[in-house]
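Novice:
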Amino acid sequence: MSLRGPPADRSPAELLTFGVVNLDKPPGPSSHQVSGWLRDAVAETLTERGVESTIDRAAHAGTLDPKVTGCLPVMLGDATRLAQVFLEGGKEYVAVLECHAPVPADAESVVAAFEGPIYQKPPRKSAVSRRLRVRELYDLAVLETEERRLLLRIRCESGTYIRKLCHDLGLALGTGGHMGHLRRTATDPFDDRTLHNAQEFLDALGFWLEDDDPEPLYDVVDPAERILEGLPRVVIAESAAREVAEGAPVYAPGVLEADDGIGRGSLVACYTPNGAAVCLGELAGSVDADSGVVVDLERVLV
4 MSLRGPPADR
14 SPAELLTFGV
24 VNLDKPPGPS
34 SHQVSGWLRD
44 AVAETLTERG
54 VESTIDRAAH
64 AGTLDPKVTG
74 CLPVMLGDAT
84 RLAQVFLEGG
94 KEYVAVLECH
104 APVPADAESV
114 VAAFEGPIYQ
124 KPPRKSAVSR
134 RLRVRELYDL
144 AVLETEERRL
154 LLRIRCESGT
164 YIRKLCHDLG
174 LALGTGGHMG
184 HLRRTATDPF
194 DDRTLHNAQE
204 FLDALGFWLE
214 DDDPEPLYDV
224 VDPAERILEG
234 LPRVVIAESA
244 AREVAEGAPV
254 YAPGVLEADD
264 GIGRGSLVAC
274 YTPNGAAVCL
284 GELAGSVDAD
294 SGVVVDLERV
304 LV
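Now the structure itself:
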């Protein structure tokens with residue numbers, strides 16, 4: 004079987020069937036709707052270009068409520084196999100806390116006390132089980148203060164409910180409160196410095212389809228390997244990659260190099276020497292071993 008080429012050398016069709024868009028989600032549609040629109044646009048474009056391969060799925064990295072805007076990475080085609088990676092990284096938001104009475108003088112210290120682990124129960128409308136769980140707030144800062152409003156920057160663990168956090172902050176401030184506007188500014192490893200809106204994506208598809216100009220597409224769509232930038236790397240031989248494609252784990256003789264200090268049980272990304280992603284897996288043995296299984300498979304990407 005043929006393996007993928009280097010990420011930088013892929014054709015537009017290869018990019019669209021194993022790529023990711025760092026989308027600036029608009030207010031109004033759901034995250035699921037936005038992903039579906041991108042999927043359908045790609046499938047239609049590939050069909051009109053006469054490309055054999057197409058996509059029948061797309062997935063987003065972390066649901067945003069319809070009114071919420073900001074960073075929503077959308078995985079296209081086979082890149083959807085990487086969705087679990089976003090559970091490993093953090094999220095960052097800018098939120099308006101609407102207080103129900105004037106903001107107290109000690110608001111900044113009250114807010115800062117929430118940094119660290121907090122208990123949360125998912126809301127009733129959540130798709131997950133409503134069990135009490137712990138989420139980490141890495142950084143919580145007051146950016147601006149008005150009479151009854153606080154502008155907050157929140158850096159947190161994936162799965163943190165910002166609406167619930169705002170409710171709890173209102174109680175702690177003694178004013179009561181609720182979440183106003185919310186914008187996600189980062190979903191590791193993506194942030195708001197490289198966002199593209201849906202119209203830019205559709206225009207890029209149009210340039211390729213109608214003018215045979217793929218350059219705007221390369222500006223808007225990243226190779227799926229971009230999702231893996233925060234994970235430890237293991238480089239394996241092409242012969243080992245072909246075995247992985249058949250469902251075999253990564254054995255010691257196939258390991259060419261690896262990042263330093265990877266702990267056993269860590270989620271790792273395996274690549275061929277040309278930088279193409281092969282699989283996600285769990286480190287099961289020493290990368291310096293002469294024999295045995297080094298990486299157990301989680302997701303095959305070839």
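Numbering (this note's numbering), first residue to last: 4 to 305. For glycine and all other residues, C-beta sits at the position ideal for the given N, C-alpha and C.
#1: Quick one: Cα of R84 to Cα of D262, how far?
#2: Measuring CA to CA, which of L176, E213, A46, L135 is closest to E101?
#3: For L100, which residues does DSSP report across the bridge?
#4: In whole angstroms, what separates the C-alpha of V99 from that of E213?
#5: Give me the residue from T48, G8, D27 with the minimum Cα distance to L19.
#6: Which one of I58, Y274, P120 has the shortest CA to CA distance from R138?
#7: Taking Cβ positions, are L304 and D59 nearer each other than 8 Å?
#8: With H, G and I counted as helix, E and B as strand and the rest as coil, what does DSSP make of F89?
#9: Between the beta-carbon of L154 and the beta-carbon of E118, is there less than 8 Å?
#10: Can you tell me which of V88, H170, V298, R158 puts its alpha carbon nearest to the alpha carbon of V97?
#11: Of all the CB atoms in chain D, is at least one closer than 8 Å to the CB of R245?
#12: Using the Cα positions of V237 and V290, report the straight-line distance between them to the nearest angstrom.
#13: Hey, would you say P32 sits closer than 8 Å to F193, going by beta carbons?
#14: Would you tell me roughly how many angstroms separate the C-alpha atoms of V54 and Q123, rounded to the nearest one?
#15: Between A16 and the rest of its own chain, which residues show a CB-CB distance below 8 Å, the 5 nearest in sequence each way excluded?
#16: On the three-state DSSP scale, how would you describe V237?
#17: With a cut-off of 8 Å, do at least 3 Cβ pairs link the stretch 246-261 to the stretch 219-230?
#18: Compute the beta-carbon to beta-carbon distance between R187 and C74, rounded to the nearest angstrom, for a pair I have assumed lies under 8 Å.
Specialist: Put simply:
#1: 23 Å
#2: L176
#3: L153, M182
#4: 43 Å
#5: T48
#6: P120
#7: no
#8: helix
#9: no
#10: R158
#11: Going by chain labels, chain D is absent from the structure shown, which holds only one protein chain.
#12: 8 Å
#13: no
#14: 47 Å
#15: L49, R52, V54, S56
#16: strand
#17: no
#18: 5 Å
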